[in-house]
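The listed protein sequences derive, respectively, from chains P and G.
The first sequence begins at 1 in our numbering and counts up by one.
The second sequence begins at 1001 in our numbering and counts up by one.
The C-beta atom is built at its ideal place from N, Cα and C for all residues, glycine as well.
Number of protein chains: 2
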Amino acid sequence: MSASFSSIKRVLIGEPFPTHDEIHERLDKLRGLAIFASDPISSNAYATEAIMSVLILLGSGALAMTLPIAMGIMGLVLLVIFSYIQTILHYPDGGGAYTVAKDNLGTMPSLFAASALLIDYILTVSVSVSAGIRAITSAFPALFDHRVLLAVLAIIILTWINLRGVRESGTIFAVPTYAFVVGVLLTVAWGLVRYFGLFGTAQLVPAVHDVAPEGPITNFLYIWLILRAFAAGCTALTGIEAISNGVQAFKPPESKNAAKTMVAMGIIAMSLFVGITFVATHLNLLPSEEESVLSQLTREVSGTGFLYYWVQFFTMMILILAANTGYQDFPRLSSFLAKDRFMPRWMQNRGDRLVYNGGIITLAIIASIIVIAFQADEIAMLPLYALGVMLSFSLSQAGMVHLMSKVGKLKPGETAYTGVTTIHYETSWRWKMLLNGVGSVVTAVVLIVLIITKFGEGAWLVVIAIPMLVYLLRTIRDHYTHVSEALSTHNLKMEALQDIADVIVIPIGDVHRGTLRALQYAKRITSNVRAVYVSTSDTARERVERRWNRFPAITGDVSLICMDYEYRDVLTPLVDYIEKVNHEEYPNQIVTVVIPEFVPQNLAAQLLHNQTANLLRARLRGHEDIVVVDVPYHI
Amino acid sequence: MSASFSSIKRVLIGEPFPTHDEIHERLDKLRGLAIFASDPISSNAYATEAIMSVLILLGSGALAMTLPIAMGIMGLVLLVIFSYIQTILHYPDGGGAYTVAKDNLGTMPSLFAASALLIDYILTVSVSVSAGIRAITSAFPALFDHRVLLAVLAIIILTWINLRGVRESGTIFAVPTYAFVVGVLLTVAWGLVRYFGLFGTAQLVPAVHDVAPEGPITNFLYIWLILRAFAAGCTALTGIEAISNGVQAFKPPESKNAAKTMVAMGIIAMSLFVGITFVATHLNLLPSEEESVLSQLTREVSGTGFLYYWVQFFTMMILILAANTGYQDFPRLSSFLAKDRFMPRWMQNRGDRLVYNGGIITLAIIASIIVIAFQADEIAMLPLYALGVMLSFSLSQAGMVHLMSKVGKLKPGETAYTGVTTIHYETSWRWKMLLNGVGSVVTAVVLIVLIITKFGEGAWLVVIAIPMLVYLLRTIRDHYTHVSEALSTHNLKMEALQDIADVIVIPIGDVHRGTLRALQYAKRITSNVRAVYVSTSDTARERVERRWNRFPAITGDVSLICMDYEYRDVLTPLVDYIEKVNHEEYPNQIVTVVIPEFVPQNLAAQLLHNQTANLLRARLRGHEDIVVVDVPYHI
């Protein structure tokens, strides 16, 4: 059975990699970009539209604000990217916001940053997969009733690919990511060419609309909607921190490669974002329920030809693949937390293919639960999203400000160890500190705007969930501390180790080959063996005694203790007897209980045999001074 | 934890009864009728309507056939009841169709009878509960969306009441059963009085209808629909055999009390059936989707006053309680089968309150699955119902024919033992044999009619399920036979019992109080103790070796075997090493493995600790010659 399990596993997951092969599993920049940047790149499929959908409430004239807002968001993105490049270079072992906050701000801020990110990574998976499935069900409405099943299926497939190892998933995900980028860039470029009528192309004529605002616009409403539009566009920021957690997934020199990949990601994502926004607003496109802005744009620019279907198909693909950012960072961040004992220790274990299996599967389960709870409706999940990431940005940059102040105290040529990383003298620490400080304050303001504008729509859930998760992480750490103190050999006195009582108790239900084998085993350990039989009827007791006396060679020097019991639950008198032996006859010593166990050929057959042995073992497990010996009997 | 579990159990189920109290838990006739007859009595809520709903397809004129068909069914019921009274008197230990068939027809027919009944009892629960919940959701349509949940909830409540013991459930169920009987009898009696205008009452005037048949009526169609109407009315027969399985639940003299209860049940059920049919047909009531015939009848006779609501309320109650017939007989029949080793042995165990817990819970689970699968739609389940019971009737009566032929061979005063029961000389064996023979043939014909008329609507499921269940029962018996041969001490040679190898292997993951305690335990058993450590990194190995050398008093004479392993799955090298010791060093001997086990305070904390010990134990379980010793370490 175990052999067949391991061969099934081999087919699904692949041959195990030896630990020293880890270096071959590292990512080059091309795969690294595909695997970590799918979330920020995919945001361009809807970020512009998100801004326009809010502004249209102020009337079509207000759509002119789209480009300035997008530029503002781009500025924010550049600030954050700059900050994370600093993080990558200063913390080459990875860990992002959690590590930076831990090293500079203390435990609580680091746990808040970690919890915020963990929740956001889970939402990344739920939201992306649901959005991708919506794209599919829009094309094939017959599938709409099965959307939850399809979304869970997509999560299972993503989980499976990720369990096969980071390099393999990087290869699989590279094609759709780059295909999307190329498709959209071509569309934008061709759109610019045609908008300006370059190279003698037929110039595109912007549409003319006059959509009136839905009601009178007060100053307050105006500011409120501009803020909401900005908050909506901030979805473009999610996932840009992903590379910072995964520095160690890159080929050496790790931090340099990671930093370069981050720059490439920033350039690509911002070109797409500003490009789409520019063309869409200059063509006077209107956000619509029926067709996405990106789809309208592609159709306007190139007609419904090859490019159109290319962009549509890879938009759908990258929406699903965006989930992969969650798959990369949730397990890594969990392993960092597990290393510091804030998460179960098995989160640190790497599986056959050198990925953090525990984290991948935990993520898949929680994300599936959320998808089921929200019925794969990503619109309902969106208000929960992007808050966590903004909190982590703010904390991470505040941490970098503190780190830079430490760097500023160094003299030329001097180095120092912070407890986590080594810092060197830098001439440019002042302006880095300033930029990080600005970044931290701006992201904190955006966070507040996000909370206020989205609170009623569901963001309150995240506002509650983050401190609850922090509490859970602390509780886990406290438990581990308590256990390690109890297990510690520090101050161990030899007398504290208990004596072993010279007695063995064997509960028996019948006399057969299995019991005789167990008796023989027990007799090898001690001469004081006691077989205990609980009888619920006289005929049964007589039968056991008769059979007992048939094997004097084995049972001769064993005492058979028959107890009459007037209820049917035979475990209670057995446990009572064992406790009595333990507490009265051999206090403070270890008493051994030998359980003869019949092991049937297959799992189904287990149902057919009295579960008494299992139940007895479970009850005895609570007793500190009882050692249980299983003597199996196979057929 | 164990203490709190047992106090919760005590609150829910009640104080345990000692085995010798069993006699106090027996039922008097009043409770016995309530507990076993709820199914046949409840049938009257819909049996007449079931016949009329088919006949109306032939036009309202054909409704005149309702009474003759009902009389035919009543004749069949009387035959079956007569036959079962014979069974009860001849098989006072109970067991009904299964026991009779086993004793007279052989194993295969008895298994067919048992399987048919088991399936019917499960359906009794699913159908009754769903019908009861439909009555509730008809009154409160807002609850319709929650019908599956409500039905499962009803099953949970029934399960709970039944787990509290047979006498207590008899008391609880008596009130609604008798309230229903009294309510309907009053309605019928008052209906007769008013129909005939006795005692100067305002005479009821039958309605006049002329519903035309839906199409031309051929001879074939006519016969087909009459047969279908008869088959539909046969639902009145379900559950009438229930008492025969439960003879031992009655106070002594068991068979006499059971037989008297059966007679009372027959009289009550038939009075209700014929009474309702007579009044309903003479008032020219029409079956309708909107209102049940029983409801129309009550309203016509007494108006929508107190009696009307009384009958409506207790109809709903008894529809749900009819499930209790299944709860009584499924566990009893299962325990008979388990005694003969056709079912898992634990089906024989009686719980704290002397009921067959295993059977009750198994029934609840399967019935819930069916309710969920059919979305609590009892109309869809009905075609599956009543087939099984008819097969068991036919087999049971065929068995009684055979038994009577044996009785006929006895001389006056002579007795004989059939292997199951003792038979005496009887003068009346000839006509009993005749009646049973007629009963067997008639029920076989009805069975064929049922299969033909309901096959396409779902009865095929039962036609397939019965032989499959028979196969399962036989497989279970074969397994037990195989096991008992293997465990048998017959021909046991002392040399066959294996030697115990003088070696103990202790897998360790670290050196702490828990491991030291396990080492100390192992050293008491043998001087050849080997601690095995699988190292996945050099630093970890050095750390373990350093700590190992700190405790020479314990580790001094133990060999520490460190194995470097280049994958992460440390179980494989551990198991490989243990297998090597077992097969190469000590072939054909029993090798002992001591596992130091850390036992955390609570279940949640278990998730936080490496599951290595559990997985290792599971893998070693498959090895015949390895004894596992758990040395627990509590905090």
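Where residue i falls, given that 16 or more other Cβ within 10 Å makes a residue buried
{"i": "G:Glu1457", "result": "exposed"}
{"i": "G:Glu1290", "result": "exposed"}
{"i": "G:Thr1555", "result": "buried"}
{"i": "G:Asn1357", "result": "buried"}
{"i": "G:Trp1548", "result": "buried"}
{"i": "G:Asn1219", "result": "exposed"}
{"i": "P:His479", "result": "buried"}
{"i": "P:Tyr533", "result": "buried"}
{"i": "P:Leu434", "result": "exposed"}
{"i": "P:His490", "result": "exposed"}
{"i": "P:Arg167", "result": "buried"}
{"i": "P:Asp636", "result": "Residue 636 of chain P cannot be examined here, being either before or after the span of chain P that is shown, 1 to 635."}
Contact set for residue i: own chain, Cβ-Cβ below 8 Å, skip 5 residues either direction
{"i": "G:Met1381", "result": "Leu1123, Ser1126, Val1127, Ser1130, Ile1370, Phe1374, Gly1458"}
{"i": "P:Glu300", "result": "Gly191, Leu204, Leu283, Leu285"}
{"i": "G:Asp1340", "result": "Lys1102, Arg1477"}
Endpoints, alpha helix (DSSP H) assigned at residue i
{"i": "G:Arg1228", "result": "1219-1233"}
{"i": "P:Phe551", "result": "Note, P:Phe551: premise wrong, no alpha helix (DSSP H); not H, not E."}
{"i": "G:Arg1477", "result": "1459-1487"}
{"i": "P:Leu387", "result": "387-408"}
{"i": "G:Ala1605", "result": "1603-1606"}
{"i": "P:Gln248", "result": "From DSSP, P:Gln248 is part of no alpha helix (DSSP H); its letter is neither H nor E."}
CB contact check: residue i to chain P, cutoff 9 Å
{"i": "G:Leu1012", "result": "no"}
{"i": "G:Leu1492", "result": "yes"}
{"i": "G:Val1529", "result": "no"}
{"i": "G:Gln1498", "result": "yes"}
{"i": "G:Tyr1633", "result": "yes"}
{"i": "G:Val1534", "result": "no"}
{"i": "G:Phe1250", "result": "no"}
{"i": "G:Glu1624", "result": "yes"}
{"i": "G:Arg1350", "result": "yes"}
{"i": "G:Ile1525", "result": "yes"}
{"i": "G:Ser1537", "result": "yes"}
{"i": "G:Pro1018", "result": "yes"}
Option in the options with minimal Cα separation from residue i
{"i": "G:Ala1045", "options": "G:Leu1185, G:Arg1524, G:Glu1214, G:His1024", "result": "G:Leu1185"}
{"i": "G:Asp1210", "options": "G:Gly1075, G:Arg1341, G:Phe1342, G:Gly1059", "result": "G:Gly1059"}
{"i": "P:Ser38", "options": "P:Gly239, P:Glu168, P:His24", "result": "P:Gly239"}
{"i": "P:Arg10", "options": "P:Val438, P:Arg353, P:Leu391, P:Asn602", "result": "P:Arg353"}
{"i": "G:Pro1632", "options": "G:Val1591, G:Asp1329, G:Ala1613", "result": "G:Ala1613"}
{"i": "P:Gln520", "options": "P:Ile506, P:Asp510, P:Pro40", "result": "P:Ile506"}
{"i": "G:Leu1607", "options": "P:Ala139, P:Thr362, P:Thr453, P:Val175", "result": "P:Thr362"}
{"i": "P:Asp329", "options": "P:Ser488, P:Ile69, P:Leu117", "result": "P:Leu117"}
{"i": "P:Val599", "options": "G:Asp1625, G:Ser1006, G:Asn1602, G:Met1404", "result": "G:Asp1625"}
Sequence-distant residues of the same chain with beta carbon closer than 6 Å to residue i, five excluded per side
{"i": "P:Asp630", "result": "Ile595, Glu597"}
{"i": "P:Phe180", "result": "Phe314, Ile318"}
{"i": "G:Ala1229", "result": "Ile1051, Val1054, Leu1055, Ile1069"}
{"i": "G:Leu1272", "result": "Asn1044, Val1184"}
{"i": "P:Ser115", "result": "Ile466, Leu469, Val470"}
Cβ neighbours of residue i in the same chain (closer than 7 Å, five flanking residues each side left out)
{"i": "G:Thr1187", "result": "Leu1297, Thr1298, Val1301, Ser1302, Leu1307, Val1311"}
Where the beta strand (DSSP E) through residue i begins and ends
{"i": "G:Ala1416", "result": "1415-1417"}
{"i": "P:Phe598", "result": "589-599"}
Any C-beta of chain G under 9 Å from that of residue i
{"i": "P:Ser115", "result": "no"}
{"i": "P:Pro573", "result": "no"}
{"i": "P:Ser392", "result": "no"}
Residue i CB to nearest heavy atom of the ligand MG below 8 Å
{"i": "P:Leu33", "result": "Questions concerning the ligand MG fall outside what the structure shown contains, since it holds no ligand whatsoever."}
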